[in-house]
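Novice:
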Amino acid sequence: MGAKPKKDPRLVAGEEKTYTVAGATRFQGHKPGETFKAALSPAQEERALSRGSIVEGSKKLEDIQTKAELVETAKSEGVPVPEIPEKESKAAVADAIRNNE
Amino acid sequence: MKEVLRDVVVEVDGTDLSDHFTQVTVEDSANEVDSTAFGSVYTQAMKGMRTCQITGTVQQDFAAASVHSVLNDLNNQDTPFEVLVTPRSAAVSATNPQFRLAESQLLGYMPLSGGVGDLSTTDVTFTNAGDTGIEVLTA
Chain A
46 MGAKPKKDPR LVAGEEKTYT VAGATRFQGH KPGETFKAAL SPAQEERALS
96 RGSIVEGSKK LEDIQTKAEL VETAKSEGVP VPEIPEKESK AAVADAIRNN
146 E
Chain B
166 MKEVLRDVVV EVDGTDLSDH FTQVTVEDSA NEVDSTAFGS VYTQAMKGMR
216 TCQITGTVQQ DFAAASVHSV LNDLNNQDTP FEVLVTPRSA AVSATNPQFR
266 LAESQLLGYM PLSGGVGDLS TTDVTFTNAG DTGIEVLTA
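Chains as they are written, first to last, in this note's numbering: chain A, 46 to 146; chain B, 166 to 304.
As C-alpha cells, then:
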C-alpha cells in the first residue's frame with residue numbers, strides 16, 4: 046500500500062546534448078560517425094562515454110577512431126573495404142571507405 | 166501475419182548488438198499461488214507476483230564498444246539500464262512492437278565459454294530491477 050518508489054535520479058534523462066557515435070556499433074539507432082542529439086540519463090551517458098560508444102560534440106569518425114577501427118567499423122556496417130596499403134595515412138583510409146559507401 | 170525472425174533488433178544500454186545476437190527471448194510471467202481450500206475438488210491457483218526478463222545468446226566480440234565492452238561494463242556496475250527488443254528493424258508500430266525493459270540488470274556474465282573450434286558465444290539474462298516490467302511500445 047506504500048507510495049510508488051521514486052525513479053533512481055541517475056536514470057532520469059538529463060539535458061539534451063550533441064554526441065557522435067564513436068564505436069563500431071550503432072548507438073540508439075545511429076550509425077558510427079553519425080552526430081545526434083539526445084537527453085541521456087547521467088548514468089547512461091557516463092557508461093557510453095567511458096566505453097567509447099559515443100563522444101560529446103560533433104566529430105569526424107577519422108578524428109576519433111584509429112585506422113584499424115575505421116576498417117572494422119566499415120566492415121560491421123557492410124561497407125566493402127578496398128585493399129589499403131599499410132603505409133597509407135588515416136585520412137586516405139577514411140577517403141577510400143567514404144568513396145565505397 | 167506469421168513472423169520469421171531475420172532482422173530482430175537488440176539494443177543494450179543504447180548499443181545496437183543485433184548483428185551479434187543469435188537468439189533472444191522476452192519473457193513476462195507470474196508465480197502460481199495455490200489457493201485451494203477445504204471443500205474443493207480441484208486445486209485452485211491464483212496469479213502471484215509477476216516477473217520478467219530478457220534472455221539471449223550473443224556472439225562474443227572484444228572490439229571497442231562492442232559485446233564484451235558493453236556487457237562487462239554493465240555487469241560491473243549497479244545502476245539499472247535499458248534493453249530494447251524489436252522484431253524488425255523497421256519503424257516501431259502496432260505490427261512491429263518494441264519490447265522495453267527500462268530498468269534491467271545483469272547479474273552475471275561469462276566472457277569466455279566454449280571448446281576448441283567453437284564460435285565464442287555467451288548466454289545473457291537481463292532481469293528486472295524496476296517496477297514497470299516489460300513495456301510494449303507501438304510508436
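A virtual CB, placed ideally from N, CA and C, is assigned to each residue, including glycine.
#1: If you check the beta carbons only, do residue 112/A and residue 135/A fall under 8 Å apart?
#2: Is DSSP giving residue 111/A helix, strand or coil here?
#3: For the alpha helix (DSSP H) that residue 265/B lies in, which residues bound it at each end?
#4: Could you check how far apart the C-beta atoms of residue 61/A and residue 83/A are, in whole angstroms? I think they sit under 8 Å.
#5: Mind checking who residue 99/A pairs with in its DSSP beta bridge?
#6: Could you tell me which chain B residues have their CB closer than 9 Å to the CB of residue 56/A, listed as they occur along the chain?
#7: Keeping to the same chain, check which residues put their C-beta closer than 7 Å to that of residue 141/A; ignore five residues upstream and five downstream.
#8: Of all Cβ atoms in chain B, is any one closer than 8 Å to the Cβ of residue 65/A?
#9: According to DSSP, is residue 249/B part of a helix, a strand, or is it coil?
#10: Give the C-beta separation of residue 175/B and residue 221/B to the nearest angstrom, bearing in mind that I take them to be a contact with Cβ-Cβ under 8 Å.
#11: Tell me whether the beta-carbon of residue 279/B lies closer than 8 Å to the beta-carbon of residue 290/B.
#12: Quick test of the definition: if touching needs 3 or more C-beta pairs under 8 Å, does the stretch 95-115 of chain A touch the stretch 56-72 of chain A?
Specialist: In short:
#1: Indexing the first sequence from 1 puts residue 112/A at position 67. Indexing the first sequence from 1 puts residue 135/A at position 90. Result yes, Cβ atoms of residue 112/A and residue 135/A sit closer than 8 Å.
#2: Looking up residue 111/A in the first sequence gives position 66. The answer is coil: DSSP assigns residue 111/A none of H, G, I, E or B.
#3: By one-based count along the second sequence, residue 265/B stands at place 100. Counting along the chain, residue 265/B falls outside any alpha helix (DSSP H), though it belongs to the beta strand (DSSP E) covering 263-271.
#4: As a position in the first sequence, residue 61/A is number 16, starting the count at 1. As a position in the first sequence, residue 83/A is number 38, starting the count at 1. Going by Cβ atoms, the distance from residue 61/A to residue 83/A rounds to 7 Å, so yes, they are a contact pair.
#5: Along the first sequence, read from residue 1 onward, the residue named residue 99/A stands at position 54. The bridge partners DSSP lists for residue 99/A are 66/A.
#6: What you label residue 56/A is simply residue 11 of the first sequence in a count that begins at 1. The contact set of residue 56/A on chain B, defined by CB atoms closer than 9 Å, consists of 244, 245, 246, 247, 267, 268, 295 in chain order.
#7: Sequence index remark: in the first sequence, residue 141/A carries index 96 (1-based). Once the five neighbours on either side are set aside, the close Cβ partners of residue 141/A are 127, 129.
#8: The residue you call residue 65/A lines up with position 20 of the first sequence. Closer than 8 Å: no.
#9: For the purposes of this step, residue 249/B is taken as residue 84 along the second sequence, with counting starting at 1. The DSSP-derived three-state label of residue 249/B is strand.
#10: Taking the second sequence and counting its residues from 1, one reaches residue 175/B at position 10. Taking the second sequence and counting its residues from 1, one reaches residue 221/B at position 56. Confirmed, about 7 Å.
#11: Indexing the second sequence from 1 puts residue 279/B at position 114. Indexing the second sequence from 1 puts residue 290/B at position 125. Inclusion of residue 279/B and residue 290/B in the CB contact set at 8 Å is not warranted, their separation being larger than that value.
#12: Output reads yes: the stretch 56-72 of chain A touches the stretch 95-115 of chain A.
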